[in-house]
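Asker: Before we start, here is the structure in question, set down as structure tokens.
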Amino acid sequence: MHARSLVALGVLAGAALLASSSLYVVNETQRAIRLQFGEVVETDIQPGLRFKIPVYNTVRLFDTRVQTLDGRPSRYLTGDRKGVIVDSFVKWKIIDVTRYYEATAGDEQAAMRVIAPRVDESLRNEFGRRTLVEIVSEQRDELMSRPIQDLDRAMREAMGVSILDIRVKRIDLPTEVSNSVYERMRTERQREAREYRAQGQEQAERIRAAADRNREVVLATAQRDAEILRGEGDAEAARIYAQAYQQDPELYSFLRSLQAYRESFSSKQDIMVLSPKSDFFRYLEGSRQGTNRR
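Here UniProt numbering is used: the first residue of the sequence shown is 1, the next is one more, and so on.
Quick look at the structure:
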């Protein structure tokens with residue numbers, strides 16, 4: 001009984017080993033090819049549980065998700081012979097696993113070594129067709145549309161991969177060029193600033209002159225109106241005084257004399273030399289005679 005158990009266990013172990021060697025799984029993000037002594041006998045194997053003959057068959061799995069190739073910054077010459085430093089990256093994926101395997105032996109690094117110089121060449125040609133102003137001003141999608149189409153067509157035929165997108169992360173001027181460009185930009189901005197300050201000063205002078213002119217006009221108008229009102233007031237006062245004087249001329253003359261006495265003798269240090277018989281003392285003289293009579 002013990003020997004039979006050992007035999008059964010051995011059979012089960014052999015069956016499990018045979019099953020593990022005969023079955024394989026292709027994930028949903030993968031595609032596979034089956035080789036027979038190095039020759040491709042089945043291509044583009046879809047996801048699922050698959051069978052192979054151990055030793056006789058070999059299976060290679062490939063990741064068909066979108067891959068990113070981040071290249072190093074490169075220096076290109078534009079159409080107007082200006083040097084620029086371009087930092088870019090590429091999005092690509094495998095679409096033909098058989099052609100990809102034949103071109104790279106399934107090595108992703110080998111694929112990138114093939115794609116990188118082709119991208120560099122394509123970008124170099126595209127930048128060489130355009131001036132620096134066009135490169136900076138145009139939309140990046142329009143700038144990259146031709147390299148993407150040309151490179152995608154070439155890579156499909158050569159390696160079985162599709163170039164989905166090429167993006168420029170950054171465009172810089174070389175150090176020796178950027179310093180002169182920044183200095184020229186600084187000089188240009190300073191010139192524009194001086195022009196704006198001069199224009200602002202001119203406008204300020206015009207506004208200040210207009211304000212001064214308006215001030216003088218307002219003051220002159222106010223002075224005129226004040227003189228008119230003052231004249232009208234004086235005329236009205238003279239009319240009232242005249243009416244009052246006509247009603248009792250003697251009383252009016254007496255009140256004016258009192259006012260003159262008050263203003264003349266307001267200061268104790270003033271000296272006035274007049275004859276007692278003068279009209280100035282007429283009411284005082286009359287007052288004294290009236291007192292003597294009483």
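Glycine is no exception: its CB is placed at the ideal position from the N, C-alpha and C atoms.
Taking 9 angstroms as the threshold (C-beta atoms), are M155 and I163 in contact?
Answerer: Taking the first residue of the sequence shown as position 1, residue 163 is located at position 163. Taking the first residue of the sequence shown as position 1, residue 155 is located at position 155. Going by C-beta atoms, I163 is nearer than 9 angstroms to M155.
Asker: Buried or exposed: where does S41 fall if 16 or more other Cβ atoms within 10 Å of its Cβ makes it buried?
Answerer: Locating residue 41 in the sequence shown gives position 41, counting from the first residue. According to the sequence provided, residue 41 is Val. The question's Ser does not apply to it. V41 should be labelled exposed.
Asker: The beta strand (DSSP E) with D120 in it runs from where to where?
Answerer: Within the sequence shown, residue 120 is the residue found at index 120, counting from 1. No beta strand (DSSP E) holds D120; the alpha helix (DSSP H) holding it covers E108 to G128.
Asker: Does the distance from the CB of S122 to the CB of D150 come in under 9 angstroms?
Answerer: Counted from its first residue, the sequence shown places residue 122 at position 122. Counted from its first residue, the sequence shown places residue 150 at position 150. In contact: S122 and D150 (Cβ atoms closer than 9 angstroms).
Asker: Using the three-state DSSP reduction, which class does I53 fall into: helix, strand or coil?
Answerer: In the sequence shown, residue 53 corresponds to position 53, counting from 1. Looking at I53 - three-state DSSP - the assignment turns out to be coil, as it is neither helix nor strand.
Asker: Taking Cβ positions, are R60 and V97 nearer each other than 9 angstroms?
Answerer: Walking along the sequence shown from the start, residue 60 turns up at place 60. Walking along the sequence shown from the start, residue 97 turns up at place 97. Closer than 9 angstroms, so yes.
Asker: When we look at the beta-carbon of F127 and count the other beta-carbons within 10 Å, is it buried (16 or more) or exposed?
Answerer: Start at 1 with the first residue of the sequence shown, and residue 127 comes out as number 127. The residue is buried, with at least 16 neighbouring Cβ atoms inside 10 Å.
Asker: Could you spell out where the beta strand (DSSP E) holding L77 opens and where it closes?
Answerer: The residue given as residue 77 occupies position 77 in the sequence shown. Per DSSP, L77 belongs to the beta strand (DSSP E) from S74 to L77.
Asker: Would you list the one or two residues that DSSP bridges to K91?
Answerer: In the sequence shown, counting from the first residue as 1, residue 91 sits at position 91. Answer by DSSP bridge pairing, in chain order: T68 and D165.
Asker: Starting from A103, trace the alpha helix (DSSP H) both ways and give me its first and last residue.
Answerer: Counting from 1 along the sequence shown, the entry for residue 103 is found at position 103. It spans V97 to T104 - the alpha helix (DSSP H) in which A103 sits, taken as one unbroken run.
Asker: In whole angstroms, give me the CA-to-CA distance for T64 and I94.
Answerer: Taking the first residue of the sequence shown as position 1, residue 64 is located at position 64. Taking the first residue of the sequence shown as position 1, residue 94 is located at position 94. Rounded to whole angstroms, T64 to I94 spans 5 angstroms at the Cα level.
Asker: Among R191, G231 and Q67, which one has its Cα closest to the Cα of T29?
Answerer: Locating residue 29 in the sequence shown gives position 29, where the first residue counts as 1. Here the closest residue by C-alpha is Q67.
Asker: Going by the DSSP bridge assignment, what does G83 pair with across the sheet?
Answerer: As a first step, residue 83 must be located in the sequence shown, where it is residue number 83. In DSSP, G83 forms a bridge with L77.
Asker: In three-state terms, what does DSSP make of Q46?
Answerer: By 1-based counting over the sequence shown, the position of residue 46 is 46. Coil.
Asker: Please identify the residue among Y252, F37, P73 and V90 whose C-alpha is closest to the C-alpha of V84.
Answerer: Sequence index remark: in the sequence shown, residue 84 carries index 84 (1-based). With distances taken between Cα atoms, V84 lies closest to P73.
Asker: Let me know if I240 comes out buried or exposed under the rule of 16 or more other beta-carbons within 10 Å of its beta-carbon.
Answerer: Counted from its first residue, the sequence shown places residue 240 at position 240. The residue in question, I240, is exposed, as its Cβ has fewer than 16 Cβ neighbours within 10 Å.
Asker: Just checking, does the region 103 to 114 make contact with the region 184 to 202 on the three C-beta pairs under 8 angstroms criterion?
Answerer: They do not touch, by the three-pair rule.
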